[in-house]
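Trainee:
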């Protein structure tokens with residue numbers, strides 16, 4: 003029997019979120035936010051935290067700086083039940099941090115990479131990672147020290163009998179390469195949003211992107227925001243509407259969707275149920291600041307997600 007349900011290798015940082023800022027923002031002016039929060043951030047850590055909150059046995063491999071931000075992030079993640087026994091601390095680099103400037107309709111996302119991009123192939127304990135049933139990676143293009151060998155990582159996971167998933171998230175450089183075509187043959191579930199799907203397929207047409215990507219992965223899952231989510235598996239399409247909530251903060255909703263989908267996938271649920279539960283988790287995430295705060299309230303989480 004596997005020691006872990008899922009192993010995740012990736013990044014961790016704290017998000018500093020300022021709300022109520024004007025747009026456009028003039029320079030050389032002191033601009034006042036209406037509120038502020040500091041939460042556990044980064045796609046990989048949000049997925050890990052929320053999966054653990056949902057009851058999965060999660061192992062997490064990452065690198066952090068030997069500093070206050072790194073320690074706070076680890077404490078927050080560990081409180082959810084994620085196993086942190088394989089964490090690497092860097093004495094040379096500071097922990098990464100993301101500053102999110104939330105406007106009425108959209109946001110600026112500013113990131114100092116620090117240790118976010120510092121995880122290396124030789125840092126990975128493959129005996130530990132392959133003790134899981136499933137392997138997940140997020141923020142592909144931020145894994146700069148690891149990127150060239152990510153195809154090998156996924157190949158080794160598949161060779162060990164694990165199922166795999168990938169959420170590339172955005173590419174800050176706008177290249178959308180990074181050996182992606184070498185990785186996709188070893189990916190069972192790919193989690194892009196609409197924009198990411200089109201960028202990966204190098205097209206402005208969503209339908210063309212769906213055809214291109216679904217030919218390269220076993221299951222393509224596309225997050226559609228307020229329109230819910232869709233999936234393509236073996237040529238068949240599935241759709242699930244978004245859950246309706248009063249949105250407090252959309253940060254981390256896509257990562258929370260990933261966690262919900264994978265939670266049900268690991269429990270053996272059918273694809274339609276995975277989509278529906280993913281949408282519920284994405285919606286629940288938006289009821290509090292940041293991508294993990296809602297999931298820290300286990301009573302509210304059980305009440306909300308019990309509507310499945």
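In the working numbering, the protein residues as written are 3 to 310. All residues carry an ideal CB built from backbone N, CA and C; glycine is no exception. Please read these numbers as outputs of a predicted model, since none were measured by experiment.
Which of the three DSSP states, helix, strand or coil, is assigned to residue 202?
Mentor: Correct three-state label for residue 202: helix.
Trainee: Using only the alpha-carbon positions, how far apart do residue 59 and residue 37 sit?
Mentor: Approximately 35 Å, taken between the alpha carbons.
Trainee: One question on the structure: do residue 210 and residue 229 come within less than 8 Å of each other, judged by their Cβ atoms?
Mentor: Cβ atoms of residue 210 and residue 229: not closer than 8 Å.
Trainee: Can you find the residues in the same chain that come closer than 6 Å, C-beta to C-beta, to residue 82, ignoring five residues on each side of it along the sequence?
Mentor: Excluding sequence neighbours, residue 82 sits near 51, 54, 55.
Trainee: Closer than 7 Å: is that where the CB of residue 136 sits relative to any heavy atom of the ligand MN?
Mentor: With respect to small molecules bound, the structure shown includes none, and the ligand MN cannot be examined in it.
Trainee: Report yes if the CB atom of residue 198 is closer than 8 Å to the CB atom of residue 208, and no otherwise.
Mentor: Their beta carbons are not under 8 Å apart, which means residue 198 does not touch residue 208 by this criterion.
Trainee: Taking its Cβ as the centre, do 16 or more other Cβ atoms sit within 10 Å of residue 3, making it buried, or is it exposed?
Mentor: Per-residue confidence for residue 3 stands at a pLDDT of 47, beneath the threshold of 50, marking its modelled position as unreliable; no derived number is given.
Trainee: Give the list of continuous alpha helix (DSSP H) stretches no shorter than 4 residues that lie fully inside the segment 21-98.
Mentor: Correct list: 45-56, 70-80.
Trainee: Does DSSP put residue 3 in a helix, a strand or coil?
Mentor: Below a pLDDT of 50, predicted positions are generally treated as unreliable, and residue 3, at 47, falls in that range; no measurement from the model is reported.
Trainee: From which residue to which residue does the alpha helix (DSSP H) around residue 130 run?
Mentor: Its alpha helix (DSSP H) spans residues 128-131.
Trainee: Helix, strand or coil for residue 238? Go by DSSP, reduced to three states.
Mentor: Three-state result, residue 238: strand.
Trainee: Determine contact between the segment 103-117 and the segment 11-25, defined as no fewer than three beta-carbon pairs at a distance below 8 Å.
Mentor: With the cut-off at 8 Å, the segment 103-117 and the segment 11-25 touch.
Trainee: How should residue 225 be labelled, buried or exposed, when 16 other C-beta atoms within 10 angstroms of its C-beta is the threshold for buried?
Mentor: So residue 225 counts as buried.
Trainee: Just to confirm, is the Cβ distance from residue 147 to residue 131 under 8 Å?
Mentor: No.
Trainee: Please report the distance separating the alpha-carbon of residue 250 from that of residue 305.
Mentor: So the two alpha carbons sit approximately 18 Å from each other.
Trainee: Less than 8 Å between the beta carbons of residue 276 and residue 261, yes or no?
Mentor: For residue 276 and residue 261, no; Cβs fall outside 8 Å.
Trainee: Considering residue 134, what are the terminal residues of the beta strand (DSSP E) in which it resides?
Mentor: That run of the beta strand (DSSP E) goes 134-140.
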